[in-house]
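**Q**
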Amino acid sequence: MSSIRKLERDHAKADRAAVVGLLDRITEADALTRLSLESRLAELNTQIAAQDLQPEITHASAALFFGGRPVIGSQGVEAEFGTGAVATFQDLVSKVLAKNTSGLGVKGPVANKSAATMHITNIVRGSFGFLLEEVQDQAQLVDTNLKKAVGEASELLDIFGEADEERFQTTVAEVDQRILATARDFFELMRQHGATLRMVAGESEFQFGAEAVARGVERASGTSIEEDEKSLEGQLAGVLPSSHQFEFRVTGGETLKGKVDSAWTAIDLERWNRELVGVDATMDAAVKRVLRHGQIARENYVLKRVARKIDPTAPHS
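According to our numbering, the sequence shown is numbered sequentially starting from 33.
(1) Work out the CA separation of L268 and S349 for me, nearest whole Å.
(2) Runs of 3 residues minimum, wholly inside the region 77–137: which ones carry the beta strand (DSSP E) assignment?
(3) Buried or exposed for T287, please, with buried defined as at least 16 other CB atoms from any protein chain shown within 10 angstroms of its CB.
(4) Between the C-alpha atoms of F192 and G226, what's the straight-line distance to the nearest angstrom?
(5) Do R330 and D316 have their CB atoms nearer than 8 Å?
(6) For E258 and R321, which I take to be in contact (beta-carbon distance under 8 Å), what is that distance rounded to the nearest angstrom?
(7) Given 8 Å as the limit, is there contact between the region 102–120 and the region 234–247, that is, 3 or more CB pairs closer than that?
(8) Determine the contact status of G53 and F98, defining contact as a CB-CB distance below 8 Å.
(9) Hey, A147 and L188: beta-carbon distance below 8 Å or not?
(10) Looking only at its own chain, which residues have a Cβ that is under 7 Å from the Cβ of V167, when we skip the five neighbours before and after it?
(11) Can you name the start and end residues of the alpha helix (DSSP H) that N177 belongs to?
(12) For L272, which residues in the same chain have their Cβ closer than 8 Å to its Cβ, ignoring the five residues on either side in sequence?
(13) May I have the straight-line CA-CA distance separating R199 from F219, to the nearest angstrom?
(14) Please report the distance separating the alpha-carbon of L212 from that of A246.
(15) My assumption, with CB atoms under 8 Å, is that S186 sits in contact with A233. Please give the rounded CB distance.
(16) Restricting to Cα atoms, I'd like to know which of A318, L76, R66, D217 is closest to D123.
(17) Starting from I328, trace the beta strand (DSSP E) both ways and give me its first and last residue.
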């Protein structure tokens, strides 16, 4: 479902609840009023039923409703803030899409940025906001990559603002420093202007009050991502081909757990279980660390390569 359809359906359901409430309160003497309300209720029921039968929308959409200091009721929003917030959200979506498709470099232009372009297609009321949509020449049967990126970007912002620290650290470990920096810019802009936000992306709705904005600023500013690669010696304890999970016992140290790079197939992992488990081996891994105020809060490993350790004393044939 698109954001605008969700808003229309929510409004219709709110109207229906109000009509039902009025019907419960009127007396038998108010025959004409009851007749009018029952007619309105029938119209709303028909409208909601028709909305539920509409085909699923596969393109991206997001409605951003702003509140707080830069907004004058439902009349308008400060131009500098409004354009800045929309541009920063668009930048975040572009980087998430690049990460999910062609890859997001450490610096430089965002790859295939034009594929992430969204358009302001409507002004939405209820405070004041904008409807952003992906404009397509032809409809698609499945969700577009951009729709998935908008959903992921919206959920990421929500996680920055919610109270669950464990969920925040787990999620942020899957992003990179450039995405983190853009999230920081978004929340800092909101804080500087004293703004609040209600965001509707597809079926999901997110609220960012003053407390959530402050928490988002603190987390985005106090968190950083470090990435490097390590070669470790030890023994492969095993892999799960279906979920691409691994365990590796480091020589003289701990047992590491993490993901296997998606370039390796389930068949490759089954072979590792047959040939490499319990033998001395070398593992190459990409390491991503989440730092909170300079201290390591989480460390994730992605196994890139594992091979039997070569014994330098073994005779050569």
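Glycine is no exception: its CB is placed at the ideal position from the N, C-alpha and C atoms.
**A** In terms of the structure at hand:
(1) Note on S349: pLDDT 49, under 50, position unreliable in the model; the coordinate value appears next. For S349 and L268, the distance between alpha carbons rounds to 27 Å.
(2) 93–100
(3) exposed
(4) 17 Å
(5) Contact flag unset, no.
(6) 4 Å
(7) no
(8) No, Cβ-Cβ distance for G53 and F98 is not below 8 Å.
(9) no
(10) H151
(11) 177–193
(12) F278, L301
(13) Roughly 18 Å between the two C-alpha positions.
(14) 16 Å
(15) Correct: roughly 4 Å between the Cβ atoms.
(16) D217
(17) 327–340
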